[in-house]
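2 protein chains.
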Amino acid sequence: MTDSDTQSHTATASRKPTLGMVATLAGVSPSTVSRIINGTAKVNSAKMAAVHQAIEQLQFRPDPAARSLAGGSTMSVGVLTQFIDSPYYGEALRGIEDILREHHYVPLFASGRWNEVEEAERLALLQERKVDGLIVLSGRLADQVLMDMSKDLPIVVMGRSITGHQLFSIDIDNFEGSRLATRHLISLGHRNIAYVSGPLDHGDAQRRLEGFKTELSKRSLVFNPALLAVGDFQESGGFKAMNRLLQSGEMFSAVIAANDQMAYGARLALSNAGYRVPEDISLVGFDDLPHSAFTIPPLTTVHQSVYEIGVLAAKAMIALLKKETPTAVTVPAKLVARESTRVARV
Amino acid sequence: MTDSDTQSHTATASRKPTLGMVATLAGVSPSTVSRIINGTAKVNSAKMAAVHQAIEQLQFRPDPAARSLAGGSTMSVGVLTQFIDSPYYGEALRGIEDILREHHYVPLFASGRWNEVEEAERLALLQERKVDGLIVLSGRLADQVLMDMSKDLPIVVMGRSITGHQLFSIDIDNFEGSRLATRHLISLGHRNIAYVSGPLDHGDAQRRLEGFKTELSKRSLVFNPALLAVGDFQESGGFKAMNRLLQSGEMFSAVIAANDQMAYGARLALSNAGYRVPEDISLVGFDDLPHSAFTIPPLTTVHQSVYEIGVLAAKAMIALLKKETPTAVTVPAKLVARESTRVARV
DNA sequence: TTGTACGCGTTATCAA
DNA sequence: TTGATAACGCGTACAA
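Sequences listed follow chains V and R, in order.
Quick note: the first sequence uses my numbering, first residue 1, plus one each step.
Quick note: the second sequence uses my numbering, first residue 347, plus one each step.
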């Protein structure tokens, strides 16, 4: 039985170490301990050492609930996503979690389910839990709502372009990415390109479609509305949209799907109809989900590092939390040419 | 300007409604309000009505932090997953979230990353946050650790078979599911069946492999170790494992992958090597991820409703939280025959 | 059955 | 720079 053993028996007799116990052990007042932990004021470096030593010895960790009650920070950040199991946003969540963890913050995830009312409710719940900040992944909420909220706490938004005092946004280069995909097909000789869009009331979907149209006209090609089909960003929606395109009788040698999931569905519809990819029809997706490297054939798609975007969002939040100004970064989209695209047959 | 308008201006002058304000408005003491909210004691039904009315009028919601500090419940449940963006566990997370939400509980997600040390750390963090219960999705942690923890708070585990006082587990029928897949192939006339396993130190992987071997021997077939390749439950692992199988020169007409993701990877490897699925080789997966209905060809696989499992886990947790005993339910696995399997050629 | 008074662990305010 | 003291909002013995 060592000396430290004995100490721990007596000192840690009562369960959880508290800030007060640290203060006693270090021979200072509780307020001093608090100040040292939060860096709220300057303190004698000798006491500082003693306090740190006591914290070590007691394995003290501040109680988030008590902090919250007393008006301090809760060390938690609310993250509003749409569906917790979205393959797309999932990567961003991982990036957010990784960075937040490094900074000892805890993420509180909530799902808005692409529903304005639910989003507002979940946001209210997160505020009720007194999160220190909010990271919002896309969604249907009006920009104004976020701008208002940012008066109370820092907000980082992904998938929108709004900025303000405590409001920072990291947008994806949907427009440019879409142009990249279009350019790729055009350079392969495709002239009749079908487009499977996401829901038209969806910001990302709008900008991707816009990029497609813009690139088309820059290359002196006309946009043919008959070659546009709207899906829901899911496999099933891509499948149905492609079937509609096929049944329309319209000719096309290539297809752009506004996201990879719809590309998967479109690919199956194509296959069912007897078309080969890429021999008969070229297919391009958007997002470059991890899975896209393993489809048959591996999918040519627009890559965007969603994980990286999550990381950037979390870093921006940390900066905001420190009253710093996050540095704006654009995450460039880039084309990943795999095997689902090929030179158009003459 | 209506009467209620005026009231709201005066009554809600101070920010957040508190339990005390409710008490005042209802003409009772704070403790009575507390009792009514928590059902801690019987109260005069007249006062009860008055209090509920006051709560409504003030839109009062108890502060979780204050509750936590005072020793009450935090209305939060910790959920330990492995990766927040896992396509497999993601569905379970959604089920958990849906049910928890219905009961006004908030999930606190944490990722263990298939690492025993990290899992323990995250669990500690969740306890520090004073969650009312814990839902653990698989993981590498020793059963004993969970059993010990269950003395302090209710725990529901998915992917293990341990039970105890405040410990409930919902296991997947890995064994039976695997037998189903094997039986399906055998009934199609396949005799040489390759098996792409998950990590051998992984519980699910072990039981699935066991099911495969068992069914084989029941059908008087011998397990050929040369037809076993170990992957990592990811697409890339399935891809590599299949390549190894192909290079071994061993003959086989069908393959079982221990999960869908590895099946996707294996499918690509097969395709790259010039084999057609299912014409040359039949392929079966496990899990029936939503995506599996959209692969080329649509994948025959063992379906298990992971979402449903999440729902059951959350319901069990709610029961435990109410000091009730959850009713044990087994979620049956079932084979979904799609187009990646076919009668063996003679 | 109901109310009073105190404590939970921390931060903020104010003096010293 | 430091320390006492008063909140923060709620649950709960204890008393009535």
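Just so it is clear, CB atoms sit at the ideal spot from N, CA and C, and this is done for glycine as well.
If contacts are defined as beta-carbon pairs under 8 Å, then VAL136 (chain V) and LEU80 (chain V) qualify, I think. What distance do you get, rounded to the angstrom?
The pair is a contact, with the Cβ atoms about 5 Å apart (cut-off 8 Å).
Against chain R, does GLY90 (chain V) count as a neighbour if the rule is that its beta carbon must be under 8 Å from one of theirs?
Yes, contact with chain R.
Does LYS476 (chain R) get closer than 8 Å to chain V when you measure Cβ to Cβ?
It does: the Cβ of LYS476 (chain R) has a partner Cβ on chain V nearer than 8 Å.
By the three-class DSSP mapping on this structure, what secondary structure does ILE401 (chain R) have?
In this structure, ILE401 (chain R) counts as helix in the three-state DSSP scheme.
Rounded separation between MET381 (chain V) and ALA124 (chain V) - CA only
Within the shown structure, residues of chain V are numbered from 1 to 346, placing residue 381 (chain V) beyond reach of any answer.
Using the beta-carbon count (16 or more within 10 Å), is GLN247 (chain V) buried or exposed?
GLN247 (chain V) is classed as exposed because its beta carbon has fewer than 16 other beta carbons within 10 Å across all chains shown.
Name the chain R residues that come within less than 7 Å of ASP85 (chain V), Cβ to Cβ?
Close partners of ASP85 (chain V) in chain R (Cβ separation under 7 Å): GLY436, GLU437, LEU439, ARG440.
Which same chain residues, not among the five before or five after ARG506 (chain R), have their C-beta less than 7 Å away from its C-beta?
Short of 7 Å from the beta carbon of ARG506 (chain R), and not among the five residues preceding or following it, lie these beta carbons of its own chain, in chain order: ASP489, SER515, ASP517, GLY549.
My parser needs the beta strand (DSSP E) runs of 3 or more residues fully inside the segment 436-514 of chain R; what are they?
Listed in chain order, the complete beta strand (DSSP E) runs (minimum 3 residues) inside the segment 436-514 of chain R are 452-457, 479-483, 501-504.
Coil, strand or helix - VAL33 (chain V) by DSSP:
In the structure shown, VAL33 (chain V) adopts helical secondary structure according to DSSP, grouped into three states.
Taking all protein chains shown into account, decide if GLY385 (chain R) is buried (16 or more other Cβ within 10 angstroms of its Cβ) or exposed.
Exposed is the label assigned to GLY385 (chain R), since fewer than 16 other Cβ atoms lie within 10 Å of its Cβ.
Keeping to the same chain, check which residues put their C-beta closer than 8 Å to that of THR687 (chain R); ignore five residues upstream and five downstream.
HIS530, LEU531, LEU534, ALA600, PRO624, SER628, LEU629, VAL630, THR646.
Let me know the secondary structure DSSP gives LYS669 (chain R) once reduced to three states.
Three-state result, LYS669 (chain R): coil.
What three-state label does DSSP hand ASP351 (chain R) in the structure shown?
With a pLDDT of 33 at ASP351 (chain R), under the threshold of 50, the modelled position of that residue is not reliable, and no figure is offered here.
Give a yes or no on whether the C-beta atoms belonging to VAL452 (chain R) and ARG129 (chain V) are separated by under 8 Å.
Yes. Within cutoff.
Compute the Euclidean distance between the alpha carbons of GLU339 (chain V) and PRO297 (chain V), then round it to the nearest angstrom.
Their backbone Cα atoms lie some 6 Å apart in a straight line.
Kindly list, in the order they appear in chain R, the residues whose Cβ is closer than 9 Å to that of LEU268 (chain V).
Near LEU268 (chain V) (Cβ distances below 9 Å), the residues of chain R are ALA639, PHE640, THR641, ILE642, PRO643, PRO644.
Quick one: what's HIS303 (chain V) bridged to in DSSP?
Answer by DSSP bridge pairing, in chain order: V:ASP287, V:LYS334.
What in chain R is Cβ-close to ARG61 (chain V), meaning under 7 Å?
What ARG61 (chain V) touches in chain R: GLU474.
Straight-line CA distance for HIS649 (chain R) to ASP633 (chain R)?
Near 5 Å, if we compare the C-alpha coordinates of ASP633 (chain R) and HIS649 (chain R).
Between ALA229 (chain V) and chain R, is there a C-beta pair that is closer than 8 Å?
Judged by the 8 Å Cβ criterion, ALA229 (chain V) is not in contact with chain R.
Tell me, please, whether the segment 416-432 of chain R touches the segment 386-393 of chain R by the rule of three or more beta-carbon pairs shorter than 8 Å.
The segment 416-432 of chain R, when compared against the segment 386-393 of chain R, does not touch it at the 8 Å Cβ threshold.
Given that GLU443 (chain R) touches chain V, what residues does it touch there, using C-beta distances under 7 Å?
Ordered by position in chain V, the residues that pass the 7 Å Cβ test against GLU443 (chain R) are ILE84, SER111.
For GLU176 (chain V) and PHE212 (chain V), I'd like the C-alpha separation in whole angstroms.
C-alpha separation (whole angstroms): 9 Å.
Rounded to the nearest angstrom, what separates LEU658 (chain R) and ILE36 (chain V) at their Cα positions?
Straight across, the Cα-Cα distance linking LEU658 (chain R) with ILE36 (chain V) is about 46 Å.
Using 8 Å as the limit for Cβ to Cβ distance, is LEU415 (chain R) near chain V?
Closer than 8 Å to some Cβ of chain V, the Cβ of LEU415 (chain R) qualifies, so yes.
Apart from the five residues just before and just after PRO30 (chain V), which ones in its own chain have a Cβ nearer than 7 Å to its Cβ?
Here the set comprises LEU19, GLY20, ALA23.
Closest by C-alpha distance to GLY583 (chain R), when choosing among R:LEU667, R:ASN605, R:LEU562, R:ALA412:
Among R:LEU667, R:ASN605, R:LEU562, R:ALA412, the Cα nearest to that of GLY583 (chain R) is on R:ASN605.
Three CB pairs or more closer than 8 Å across the segment 602-622 of chain R and the segment 573-580 of chain R
Touching, yes, given that three or more Cβ pairs across the two stretches are closer than 8 Å.
Alpha carbon to alpha carbon, how far is SER457 (chain R) from THR12 (chain V)? Give it in angstroms, no decimals.
Because THR12 (chain V) carries a pLDDT of 41, less than 50, the predicted location of this residue cannot be relied on, and the following value inherits that uncertainty. Using only the alpha carbons, I get a separation of about 30 Å.
What are the partner residues of GLY78 (chain V), as DSSP defines its beta bridges?
V:LEU108, V:LEU134.
What does the alpha-carbon distance come out to for the pair SER14 (chain V) and LEU415 (chain R)?
Bear in mind that the predicted position of SER14 (chain V) carries a pLDDT of just 48, short of 50, making it unreliable; the figure below should be weighed with that in mind. Taken atom to atom, the span from the alpha-carbon of SER14 (chain V) to that of LEU415 (chain R) is near 16 Å.
What number of angstroms, rounded off, separates the C-alpha of GLU654 (chain R) from the C-alpha of GLY441 (chain R)?
For GLU654 (chain R) and GLY441 (chain R), the distance between alpha carbons rounds to 6 Å.
Members of the segment 211-236 of chain V near chain R, C-beta cut-off 9 Å
So the close ones are GLN234, GLU235, SER236.
Where ASP260 (chain V) falls: helix, strand or coil (DSSP)
When DSSP states are grouped into helix, strand and coil, ASP260 (chain V) belongs to the helix group.
Does SER496 (chain R) come within less than 8 Å of chain V when only Cβ atoms are used?
No, because no Cβ of chain V sits closer than 8 Å to the Cβ of SER496 (chain R).
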